[in-house]
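J.:
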Amino acid sequence: MTSSMTSVLKNSGKTNRPNDTQLAAFGAELDALRERTLTDLGERDARYIRRIYAAVRYTEVIGRGLLFFGLFPPAWIVGTLLLGISKILDNMELGHNVIHGQYDWMNDPHLSGKTFEWDIVGTADHWRKTHNYSHHTYTNIKGMDEDIGYGVLRLFPEQRWRPFFIGQPIYALIFALLFQWGVAIQDLRFGQYFKGKKTGKEMLEEMKPFLKKSRRQLIKDYVIFPLIAGPFFLPVFLGNLAANGIRNLWTYMIIFCGHFTADVELFPKSVLRNESRGQWYYRQIRGSSNLTGSKLLHIMSGNLSHQIEHHLFPDIPAHRYEEMSREVRAICQRYGVHYNRGPLIKQFSQVIWRILRYSLPSKYVPIKASA
Amino acid sequence: MTASQTLKRLVAPLVDPAVYDFWAQKVHPTLSWDRCLARVVERHVEARDTVSLTLKPNGLFTGFQPGQHLNVTVEVNGVRLTRSYSPSDSLHKDGRIRLTIKAIAQGKVSQHLVHSCQIGDVVELGSAYGDMTLPEEPHAWLFVAAGSGITPIMSLLNTLTQKPLQQPASLIYWARTRADLCFSEALHKMTENDPLLKVHTVLTREPNRLENELDGHPRESLFRNLVPDLERRRIYACGPHGFVQSVESLLADKAALFQAEAFSPSPVVTTAGAPVNLFLSKSNISVQIPSGVPLLEALEAEGLKPAYGCRMGICNTCSCQKQLGTTTDTRNGNTFSEPGAVRLCINSANSDLTLEL
Numbered sequence: 000m001t002s003s004m005t006s007v008l009k010n011s012g013k014t015n016r017p018n019d020t021q022l023a024a025f026g027a028e029l030d031a032l033r034e035r036t037l038t039d040l041g042e043r044d045a046r047y048i049r050r051i052y053a054a055v056r057y058t059e060v061i062g063r064g065l066l067f068f069g070l071f072p073p074a075w076i077v078g079t080l081l082l083g084i085s086k087i088l089d090n091m092e093l094g095h096n097v098i099h100g101q102y103d104w105m106n107d108p109h110l111s112g113k114t115f116e117w118d119i120v121g122t123a124d125h126w127r128k129t130h131n132y133s134h135h136t137y138t139n140i141k142g143m144d145e146d147i148g149y150g151v152l153r154l155f156p157e158q159r160w161r162p163f164f165i166g167q168p169i170y171a172l173i174f175a176l177l178f179q180w181g182v183a184i185q186d187l188r189f190g191q192y193f194k195g196k197k198t199g200k201e202m203l204e205e206m207k208p209f210l211k212k213s214r215r216q217l218i219k220d221y222v223i224f225p226l227i228a229g230p231f232f233l234p235v236f237l238g239n240l241a242a243n244g245i246r247n248l249w250t251y252m253i254i255f256c257g258h259f260t261a262d263v264e265l266f267p268k269s270v271l272r273n274e275s276r277g278q279w280y281y282r283q284i285r286g287s288s289n290l291t292g293s294k295l296l297h298i299m300s301g302n303l304s305h306q307i308e309h310h311l312f313p314d315i316p317a318h319r320y321e322e323m324s325r326e327v328r329a330i331c332q333r334y335g336v337h338y339n340r341g342p343l344i345k346q347f348s349q350v351i352w353r354i355l356r357y358s359l360p361s362k363y364v365p366i367k368a369s370a
Numbered sequence: 000m001t002a003s004q005t006l007k008r009l010v011a012p013l014v015d016p017a018v019y020d021f022w023a024q025k026v027h028p029t030l031s032w033d034r035c036l037a038r039v040v041e042r043h044v045e046a047r048d049t050v051s052l053t054l055k056p057n058g059l060f061t062g063f064q065p066g067q068h069l070n071v072t073v074e075v076n077g078v079r080l081t082r083s084y085s086p087s088d089s090l091h092k093d094g095r096i097r098l099t100i101k102a103i104a105q106g107k108v109s110q111h112l113v114h115s116c117q118i119g120d121v122v123e124l125g126s127a128y129g130d131m132t133l134p135e136e137p138h139a140w141l142f143v144a145a146g147s148g149i150t151p152i153m154s155l156l157n158t159l160t161q162k163p164l165q166q167p168a169s170l171i172y173w174a175r176t177r178a179d180l181c182f183s184e185a186l187h188k189m190t191e192n193d194p195l196l197k198v199h200t201v202l203t204r205e206p207n208r209l210e211n212e213l214d215g216h217p218r219e220s221l222f223r224n225l226v227p228d229l230e231r232r233r234i235y236a237c238g239p240h241g242f243v244q245s246v247e248s249l250l251a252d253k254a255a256l257f258q259a260e261a262f263s264p265s266p267v268v269t270t271a272g273a274p275v276n277l278f279l280s281k282s283n284i285s286v287q288i289p290s291g292v293p294l295l296e297a298l299e300a301e302g303l304k305p306a307y308g309c310r311m312g313i314c315n316t317c318s319c320q321k322q323l324g325t326t327t328d329t330r331n332g333n334t335f336s337e338p339g340a341v342r343l344c345i346n347s348a349n350s351d352l353t354l355e356l
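Chains as they are written, first to last, in numbering that gives the first Met the number 0: chain L, 0 to 370; chain S, 0 to 356.
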């Protein structure tokens, strides 16, 4: 028996798909949880997101400040770490969540999902399309959710093997180090250009917002701040490079743990036909996995450690997921739906296993319509 | 353009207004790159449930004409809410403005401003609007006010009486009881200082009226008695919708000029299916759509193509600002009357709407 077969058998063993009547009740319970939480939103959530915003600002200023003294190694190390933390908080707990519209109810123009811009080379507009729309609507549907391997990696036996994938441990590492760039160009579809389906002019036109945003980011991190440092140009330059790298590796790890652990399922396009609310919820849960850990892990992961809750309720402020997760778990238990969670080390090992395993040929498993 | 404005324009591409505001407000709570913020510096109780707040706006405030209104935005339980209030005084020399606010039952903003707002709190101000302003040349005036409709009129009177009046002016001021009257002291002083100014109060529910207090609703005989030269007066009236309507029907064709402003009634909520008017403010398009139908579907049925994604309330792609009107969330039936972001795919119209599209 191949290991891919093992994993498929294990999947189907862990969860029994409830029947449609049960799924309707299951969906109604999750809807009720959603309503209860929405009613309770207020001052506490506003204060929380503003504290996160303040944390982004303070860590950035202290981090950048310390890097000016970067010839002194401890200052360089602490400065780089703080700047990395600032970027992580900005991208995850602040940017990712605000761009989802989680704080739109506050009516604060600085925290509006439609206009927020973040400290990363990809534009928020592009993210709103690839992530908020494609990934969240078509989560783990093969051929529709482009986050499945990001078009570079083979992570499931349901993806056809090609000799290209032999090198995937290397691609995965490069992708991790340059994660912000990978995400930034996800929607530009260079493949279409190389296949001749798009002209160079069209390609360039589509790239304009990305080029503008990434130029701004590059000038900020690698020209302006190093120049301000004058003679200490190099430590600041390298510190910014390392901070961006830390952010890339961390976000890569968190995001991959959300959908590529051992037990997550893929779905065929056919599930979309007349998918009910309950079925949609079921797919979100079966396509996502959580990380267990401390409050710090949750904040630093933008509460994507609660990937399941995030996929069920993408427009609810993410710091609420922790308390919601207890109820979601109980509901899943009642309906016999497997709730995939584990510590970071375990979940990420499973991700690495997938990267290594599916770089090698395995029997192609046609996708089965389980939902 | 001043030097600082030029500098601001030059550096604007490098500045994130949110970041600027964050650090600037560590220095002073009303500093902002592009928002007019004002600090509450004085609080004075005018009448039952009515306070005057004196505000010190930042340099971005563009001023107002007496008689105009300002949009005031406050944060109540984490949510920013906007309402219109009128300054009750002319702009002070030191740039301060005084707003008078009456607490309305169930009014989130007025209740907050009257009962919870503290000295030192910061509010946001919009630019001033309204046409009931004073012309340069002198005229004979009749001001008619009911309830908190007194506030813009008080601003007009304060400005008019800064110099001795050259022509007569009267104020007829309706309130429920004596405890509801605002500015009694200030009005009394004004009439003592200027014999051409007459102030009459009408109390509709006061059990113990004094000799000089009238009662009853607006009627022609009352106006004729108090202002015999009605024909040469310019009339400004301000109050609740019904009040202003009845004054208008009595006086509009009997005076030299009649102008009125009413507190806008809450949007009319219709039954599902009934047509409502939808105005798209960016594209300047008006369409009629059925209420109760998700806005995205309704707009598409009209041949319009707003941006959309999941069509199930997940992705926020179709979200846009609702400027005016009431919508219903089709998933849970909750209604929203505040301006704010709405997702077109899961909200239906409940009244006439204005969307920033």
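Note that the Cβ used here is the ideal one computed from N, Cα and C, for glycine as well.
Just so it is clear, the structure is predicted and the values come from calculations on it, not from any experiment.
Closest Cβ-Cβ distance between L:E118 and chain S: below 7 Å?
T.: Before going on, a small fix: residue 118 of chain L reads as Asp here, not Glu. Not closer than 7 Å to any Cβ of chain S, the Cβ of L:D118 fails to qualify, so no.
J.: Can you check whether the C-beta of S:G148 is within less than 7 Å of a C-beta belonging to chain L?
T.: It does not: the Cβ of S:G148 has no partner Cβ on chain L nearer than 7 Å.
J.: Which chain B residues sit within Cβ distance under 9 Å of S:N331?
T.: The structure shown contains no chain B; the protein chains it does contain are L and S.
J.: Name the DSSP bridge partner or partners of S:V10?
T.: BP columns for S:V10 are empty, so no partner.
J.: Please report the distance separating the alpha-carbon of S:G146 from that of L:V55.
T.: If I take the Cα positions, the gap works out to 48 Å.
J.: For a contact defined as C-beta to C-beta under 8 Å, what are the partners of S:C237 on chain L?
T.: Correct list: empty, because the minimum Cβ distance to chain L is about 28 Å.
J.: Quickly, what does DSSP pair S:P274 with across the bridge? List them, please.
T.: For S:P274, which the question treats as bridged, DSSP gives the partners S:P289.
J.: When DSSP labels each residue in this structure, what does S:H138 get in the three-state scheme?
T.: Coil at S:H138, not helix or strand.
J.: Which residues does DSSP list as the beta-bridge partners of S:I284?
T.: In the DSSP output, where bridge partners are listed per residue, S:I284 has S:L279.
J.: Taking DSSP as the reference, what is the three-state secondary structure of L:R16?
T.: L:R16: coil per DSSP, three-state reduction.
J.: Quick one: does L:A171 have its CB under 7 Å from some CB of chain S?
T.: Answer no: the Cβ-Cβ gap between L:A171 and chain S never drops below 7 Å.
J.: Out of S:P163, S:F222, S:D328, S:S282, which one is the CA nearest neighbour of S:S347?
T.: Nearest C-alpha to S:S347: S:D328.
J.: Whose C-alpha, out of S:R330, S:A178, S:S83, S:K188, is nearest the C-alpha of S:R436?
T.: This structure gives no information on residue 436 of chain S, because the portion of chain S shown stretches from 0 to 356.
J.: On the DSSP bridge assignment, give the partners of S:A340 in chain order.
T.: S:A340 pairs with S:Q320.
J.: When DSSP labels each residue in this structure, what does L:L226 get in the three-state scheme?
T.: L:L226 falls in the helix class under three-state DSSP.
J.: Measure the alpha-carbon distance for L:L172 versus S:Q117 and round it to whole angstroms.
T.: Their backbone Cα atoms lie some 55 Å apart in a straight line.
J.: Mind checking which residues open and close the beta strand (DSSP E) that includes L:W347?
T.: First, the residue type needs correcting, since residue 347 of chain L is Phe and not Trp in the sequence shown. Where L:F347 is concerned, there is no enclosing beta strand (DSSP E), although the alpha helix (DSSP H) it sits in stretches over 343-356.
J.: Along the alpha helix (DSSP H) that carries S:K107, what are the first and last residues, could you check?
T.: Element bounds for S:K107: 107-110.
J.: Go ahead and label S:Y128 buried or exposed: buried means 16 or more other beta carbons lie within 10 angstroms of its beta carbon, across all protein chains shown.
T.: Label assigned to S:Y128: exposed.
J.: Counting along the chain, where does the alpha helix (DSSP H) carrying L:Y137 start and finish?
T.: Counting along the chain, L:Y137 falls outside any alpha helix (DSSP H), and DSSP gives it neither H nor E.
J.: In this structure, does DSSP put L:F67 in helix, strand or coil?
T.: Correct three-state label for L:F67: coil.
J.: Have a look at L:Y251, L:I298, L:A261 and flag the residue whose alpha-carbon is nearest the alpha-carbon of L:Y345.
T.: With the sequence shown as reference, residue 345 of chain L is identified as Lys, and Tyr is not the correct amino acid for it. Here the closest residue by C-alpha is L:A261.
J.: Give the single residue among S:P163, S:L164, S:S183, S:A306 whose Cα lies nearest to the Cα of S:I171.
T.: Of the listed residues, the one whose Cα sits closest to S:I171 is S:S183.
J.: Under three-state DSSP, which class holds S:N192?
T.: Here S:N192 sits in helix by DSSP.
J.: State yes or no: is the beta carbon of S:N76 nearer than 7 Å to at least one beta carbon in chain L?
T.: Judged by the 7 Å Cβ criterion, S:N76 is in contact with chain L.
J.: Which full runs of the beta strand (DSSP E) of 3+ residues lie inside the region 317-344 of chain L, going along the chain?
T.: Within the region 317-344 of chain L, the complete beta strand (DSSP E) runs of at least 3 residues are 340-342.
J.: Let me confirm a value: L:R353 is counted as buried when at least 16 other C-beta atoms fall within 10 Å, else exposed. Which label applies?
T.: Per the 10 Å Cβ criterion, buried.
J.: Would you tell me roughly how many angstroms separate the C-alpha atoms of L:G301 and L:K86, rounded to the nearest one?
T.: Answer to the nearest angstrom: the Cα atoms are 12 Å apart.
J.: So that I know if they touch, is there some Cβ in chain L lying closer than 7 Å to that of S:A340?
T.: Yes - at least one Cβ of chain L is within 7 Å of the one on S:A340.
J.: Rounded to whole angstroms, what's the CA-CA distance from L:F224 to L:V60? Just pull it up for me.
T.: The alpha-carbon atoms of L:F224 and L:V60 are separated by roughly 11 Å.
J.: What residues from chain S crowd round L:G112, counting only those whose CB sits closer than 9 Å?
T.: Those are N315, S318, A340, listed as they occur along chain S.
J.: Can L:S304 and L:V263 be called in contact, C-beta distance under 7 Å?
T.: Contact: no.
J.: Determine the chain L residues that contact S:C365 at a beta-carbon separation under 8 Å, and present them in chain order.
T.: What is shown of chain S runs 0 to 356, which leaves residue 365 of chain S out entirely.
J.: With 7 Å as the threshold, decide whether the Cβ of L:R272 is near any Cβ in chain S.
T.: No, L:R272 does not count as interfacial toward chain S.
J.: Note down the Cα distance separating L:T1 from L:S361, rounded to an integer number of angstroms.
T.: Only weak support is given to the placement of L:T1: the predicted model assigns it a pLDDT of 37, under 50, and the value that follows is read from those uncertain coordinates. Approximately 8 Å, taken between the alpha carbons.
J.: Using a Cβ cut-off of 7 Å (strictly closer), state whether S:F222 contacts chain L.
T.: Not closer than 7 Å to any Cβ of chain L, the Cβ of S:F222 fails to qualify, so no.
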